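Numbering (our numbering), first residue to last: 1337 to 1638.
Take a look at the structure:
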């Protein structure tokens, strides 16, 4: 089963429990049960970043996103089709415009590939709106730019009591070694984690106060204290809003909305470069700068 069939199957299901969909996707993976489960979760996160579904971790649920046509940055000819995907939908779109099915980049390591990228040709925004209406889907002007413009400045989350002294072992993120290590004393500034009900929970301790935080958000805040050179944009096309390839240090995990803003610039998942960084294609300077500012990073432009 390939990525296209997985997305159509998810579109048919519509929603459900995370445990069920994870088990179903894990059955398509290779390796031991634990490795297959992790691979399935990573694959579902990729589909979430590509705008096809939402993973509601706090509710242990998932749901497919409605089908949307959205413009690619820097292009006045192609729109990206994201969200719910069915054969009938593709037929309706092809009846209204020229539809291109583009295979995703081959990484050579992923056991299950991403769905093909659907690109719709158009001549004007008015025409694109008409096509969306005739096909029974939504139109959203350049989702990448819109998402980037609304990214908040990351900060500590809600106040918390912090890790449970009598619970599982507590680990602290060592910002120099780039790894979590066990600690006995944990009332010092930094990012901490502890397993609660079988899942990692994360906290920040700053100025004598605990706050709960997500993994990616916590890592971004912790890393910004020692390294603000994690994002590099190589300009490939000069324009009013220059476009290029954004490389993100692999040690810096971005929050979902930040990754989605970058992935929807091209419609494909990032590819890991030889230097170990994640490379996002067709990223405008404005989007890269919005992401960098949100996570307290300095954008390096070449």
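Even for Gly, the Cβ is constructed at its ideal location relative to N, Cα and C.
Given the structure is predicted, the values throughout are model-derived calculations rather than measurements.
| Item | Value |
| --- | --- |
| Run of the beta strand (DSSP E) containing residue 1526, from where it starts to where it stops | 1526-1532 |
| Alpha-carbon spacing of residue 1354 relative to residue 1383, whole angstroms | 14 Å |
| Presumed contact (8 Å Cβ cut-off) between residue 1649 and residue 1514, rounded CB distance | Only positions 1337 to 1638 of the chain appear in this structure, which leaves residue 1649 out of reach. |
| Enclosing alpha helix (DSSP H) for residue 1555 [first to last residue] | 1551-1559 |
| Residue span of the beta strand (DSSP E) that contains residue 1486, given as start and end | Counting along the chain, residue 1486 falls outside any beta strand (DSSP E), and DSSP gives it neither H nor E. |
| DSSP-derived helix/strand/coil call for residue 1609 | coil |
| Simplified DSSP assignment, three categories, for residue 1597 | helix |
| Contact set for residue 1634: own chain, Cβ-Cβ below 7 Å, skip 5 residues either direction | 1564, 1565 and 1628 |
| Residue 1374 in three-state terms, based on DSSP | helix |
| Selected residue, minimal CA-CA separation from residue 1465, among 1631, 1433, 1623 and 1603 | 1433 |
| Complete alpha helix (DSSP H) runs within the stretch 1364-1446 (minimum length 4 residues, chain order) | 1369-1385 and 1423-1432 |
| Residue 1358: first and last residue of the uninterrupted alpha helix (DSSP H) it sits in | 1354-1362 |
| Residues bridged to residue 1462 (per DSSP) | For residue 1462, which the question treats as bridged, DSSP gives no partner whatsoever. |
| Complete beta strand (DSSP E) runs within the stretch 1474-1524 (minimum length 3 residues, chain order) | 1474-1476, 1507-1510 and 1515-1518 |
| CA-to-CA distance, residue 1585 to residue 1639, given in whole angstroms | The structure shown has nothing for residue 1639, since the chain only spans 1337 to 1638. |
| Sub-7 Å separation of residue 1560 and residue 1493 beta-carbons | no |
| Contact the stretch 1345-1360 vs the stretch 1385-1403: 3+ CB pairs below 8 Å | yes |
| Those residues which DSSP pairs with residue 1457 across a bridge | 1414 |
| Same chain, Cβ closer than 6 Å to residue 1602, neighbours up to 5 away in sequence not counted | 1617 and 1618 |
| C-beta contact flag for residue 1440 and residue 1604 at 7 Å | yes |
| For residue 1589, the residue or residues it bridges with in DSSP | Answer by DSSP bridge pairing: none, since residue 1589 is not bridged. |
| Where residue 1548 falls: helix, strand or coil (DSSP) | strand |
| N- and C-terminal bounds of the alpha helix (DSSP H) containing residue 1349 | 1339-1349 |
| DSSP-derived helix/strand/coil call for residue 1580 | strand |
| For residue 1462, the nearest candidate out of 1502, 1358, 1406 and 1499 (CA to CA) | 1406 |
| As assigned by DSSP and simplified to three states, the class of residue 1625 | helix |
| Proximity of residue 1577 and residue 1620 at Cβ, strictly below 7 Å | yes |
| Best match in 1437, 1496 and 1415 for proximity to residue 1457 [C-alpha to C-alpha] | 1415 |
| Close Cβ partners of residue 1447 (< 7 Å) along its chain, the five nearest in sequence each way excluded | 1365, 1366 and 1375 |
| Endpoints, beta strand (DSSP E) assigned at residue 1571 | 1567-1573 |
| Short Cβ contact (7 Å threshold) for residue 1599 with residue 1484 | no |
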